[in-house]
Amino acid sequence: MINDGLYDDLDDGFEDDDEADAGAGDLVELLHKLDDLKKKGILTEEEFAQKKAEILARI
């Protein structure tokens, strides 16, 4: 899929739990980036919902 590279970029912030614990602001930034990708039509609503759920599960 063409969006696989975008997912890799979004997933970079989730490599270990220390990053998630130390960077709630980073997670918010990822949510904003994800929303921007959806608004630009790069992500479908389903892709957006899936990645958003993954991000929110880290909080």
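This note's numbering runs 32 ahead of the 1-based position in the sequence shown. From the three backbone atoms N, C-alpha and C, an ideal C-beta is built for every residue, glycine too. Bear in mind the structure is a predicted one, so any value in this text is a computation, not a measurement.
The alpha helix (DSSP H) with residue i in it runs from where to where?
i	result
K70	A56 to K71
How would you call residue i, buried or exposed, if buried means at least 16 neighbouring beta carbons within 10 angstroms?
i	result
A54	Unreliable placement is indicated for A54, whose pLDDT of 47 sits below 50; the coordinate value is still reported in the next sentence. A54 should be labelled exposed.
L75	buried
D50	Residue placement at D50 is flagged as unreliable, the pLDDT there being 49, under the threshold of 50; the coordinate-derived value follows with that caveat. It counts as exposed.
Just to confirm, does residue i get its C-beta within under 7 Å of one of the non-hydrogen atoms of the ligand GTP?
i	result
A89	No copy of the ligand GTP appears in this structure; indeed no ligand is present at all.
Is residue i helix, strand or coil by DSSP?
i	result
I87	helix
Which same chain residues end up closer than 8 Å to residue i when comparing Cβ atoms and leaving out the 5 residues on each side of it in sequence?
i	result
E77	K70
L66	L42, L75, F80, K83, K84 and I87
A56	I91
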